[in-house]
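Residue numbers (this note's numbering), protein chains in the order written: chain A, 3 to 341; chain B, 72 to 202.
The structure is reproduced here in structure tokens:
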């Protein structure tokens with residue numbers, strides 16, 4: 003086993019979002035074509051939360067994605083697939099042994115990792131961000147072969163590096179979490195899974211009774227955005243605004259804080275079930291996503307010229323409120339749809 | 072302003088890592104493109120790194136002046152706060168905060184220094200001497 007060669011014939015496909023990409027690739031390995039947007043939509047990847055009392059890299063925590071492992075876990079649940087998730091290992095050696103056993107059995111295994119020490123990752127993204135997902139599909143002479151859907155090609159990691167990223171510390175520490183698919187029936191009930199996924203997403207975006215989550219959180223953030231320049235000064239306000247844009251555009255989102263991917267999901271399922279209302283919703287989502295991109299374009303001007311803002315923060319806040327309204331309409335529409 | 076509907080650079084000068092982007096065009100199709108981030112996205116990333124580098128430089132100066140211990144410099148360099156460092160090194164938070172003072176840092180045992188060095192992924196020599 004020490005120097006043995008264990009390679010699984012696993013196809014690496016690049017994706018916009020790490021976890022839904024991994025999920026979709028794992029399905030593909032089992033011989034079921036499930037595209038990335040479908041995995042993302044069924045697994046409730048779409049989310050918004052604004053937590054100003056928590057700081058991530060010196061700016062308020064803003065998240066456009068769900069908690070780690072939600073996409074995999076929920077898509078397995080809704081599609082009724084037999085899968086295993088091991089939440090944590092106390093002993094790193096034990097978790098690596100388990101990974102080796104899996105590889106020997108020919109099971110590609112997904113893992114949650116921290117980004118900071120990921121050696122192949124682009125250096126400009128290496129911040130303490132612990133919600134990244136990779137799939138390990140082979141071991142050769144002590145070197146692990148990794149499929150990271152953000153990257154264009156498969157990568158390699160040594161044993162020590164892999165242990166370090168799997169046991170990264172900080173908020174949402176991975177603690178060696180790993181997951182894999184055991185068995186799939188060839189007949190999947192995609193229709194009910196899509197319905198369940200949409201219902202849950204709608205709940206999370208407009209019905210959660212907490213003001214910082216979903217569309218309400220978006221409105222709250224817009225309100226705060228207006229106050230930032232006066233409260234914090236131009237320099238810091240632009241850094242906070244930059245945090246919104248970094249989260250929505252830079253960190254492997256496929257653009258516009260995953261709104262494009264969700265729109266693609268609505269479109270694909272609309273075409274699959276020949277459902278007109280879903281197609282309309284996807285069009286609305288696409289337009290909201292384009293508006294997000296516009297917001298990022300205009301906002302980035304303030305980040306470029308930090309001490310003298312070119313754009314009015316009030317205007318940007320109004321734009322956010324408008325986006326919140328656009329998104330809310332989509333969710334209200336989805337809420338009424340019967341599948 | 073109408074943003075570019077295909078906001079992706081395919082030019083090699085904009086980075087080494089190509090990523091996948093989705094976008095929605097006027098005909099109502101969601102498209103996937105592989106390319107580099109456009110300039111606006113790079114601006115926001117650069118902004119974050121500028122702040123981090125600034126903080127690292129500040130910490131370096133303070134260490135050389137003898138105001139804080141080298142741990143502060145390496146903390147800024149690896150972008151962690153005392154809480155995360157205490158988890159990484161396995162040393163309790165109040166002790167980590169104490170070790171930020173140079174007077175106390177200089178009295179640390181080899182064992183504790185080793186814990187910090189492995190947390191920062193450097194050698195003890197490097198930990199003691201900030202370049």
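Note that beta-carbon positions come from the ideal geometry of N, C-alpha and C, so glycine has one too.
Per DSSP, reduced to three states, the secondary structure at residue 112/A is strand.
Look at residue 56/A here: in three-state DSSP terms it is strand. Leaving aside the five residues that flank residue 163/B on each side, the residues in its chain whose CB is nearer than 7 angstroms to its CB run, in chain order, 157. Between residue 113/A and residue 137/A, the CB-CB gap stays under 9 angstroms.
One Cα belongs to residue 281/A, the other to residue 145/A, and the distance between them is close to 46 angstroms. Taking 7 angstroms as the Cβ-Cβ cut-off, the stretch 114 to 146 of chain B approaches chain A at 114, 115, 116, 118, 119, 120, 122, given in chain order. Contact note: residue 89/B reaches chain A through 154, using a C-beta cutoff of 7 angstroms and chain order.
Per DSSP, the beta-bridge partners of residue 84/A are 185/A. Residues of chain A with a Cβ closer than 7 angstroms to the Cβ of residue 159/B are, in chain order, 171. Under the 9 angstroms criterion on CB atoms, residue 158/A is classed as non-interfacial with respect to chain B. Cβ-Cβ distances below 8 angstroms link residue 141/B to 134, 176, 198, 199, 200, 201 in the same chain, with the five nearest sequence neighbours on each side left out; the list follows chain order.
Closer than 8 angstroms at the C-beta level to chain A, one finds these residues of the stretch 189 to 201 of chain B: 192. CA-CA distance, residue 130/B to residue 12/A, rounds to 46 angstroms. Per the coordinates, the alpha-carbon of residue 120/A lies some 44 angstroms from the alpha-carbon of residue 278/A. Taking 9 angstroms as the cut-off, the beta carbon of residue 91/A is found no closer than this to the beta carbon of residue 32/A. In this chain, the alpha helix (DSSP H) harbouring residue 320/A covers 315 to 338. In terms of Cβ geometry, residue 151/A and residue 24/A form a close pair [threshold 9 angstroms]. Within the stretch 130 to 162 of chain A, no complete alpha helix (DSSP H) segment of 4 residues or longer occurs.
Beyond the five residues adjoining it in sequence on each side, residue 154/A comes within less than 8 angstroms, by CB distance, of 16 in the same chain, given in chain order. Rounded to the nearest angstrom, the Cβ distance from residue 129/A to residue 139/A is 26 angstroms, too far for a contact under 8 angstroms. Ranked by how close their Cα comes to the Cα of residue 118/B, the residues 293/A, 238/A, 289/A have 238/A in first place. Three or more pairs of CB atoms, one per stretch, sit closer than 8 angstroms, so the stretch 86 to 105 of chain A contacts the stretch 170 to 189 of chain A. The stretch 125 to 149 of chain B contains, as complete alpha helix (DSSP H) runs of 4+ residues, the segments 141 to 148 (chain order).
For residue 246/A, the enclosing alpha helix (DSSP H) has its first and last residue at 236 to 247. Per DSSP, residue 92/B is one residue of the beta strand (DSSP E) stretching across 90 to 95.
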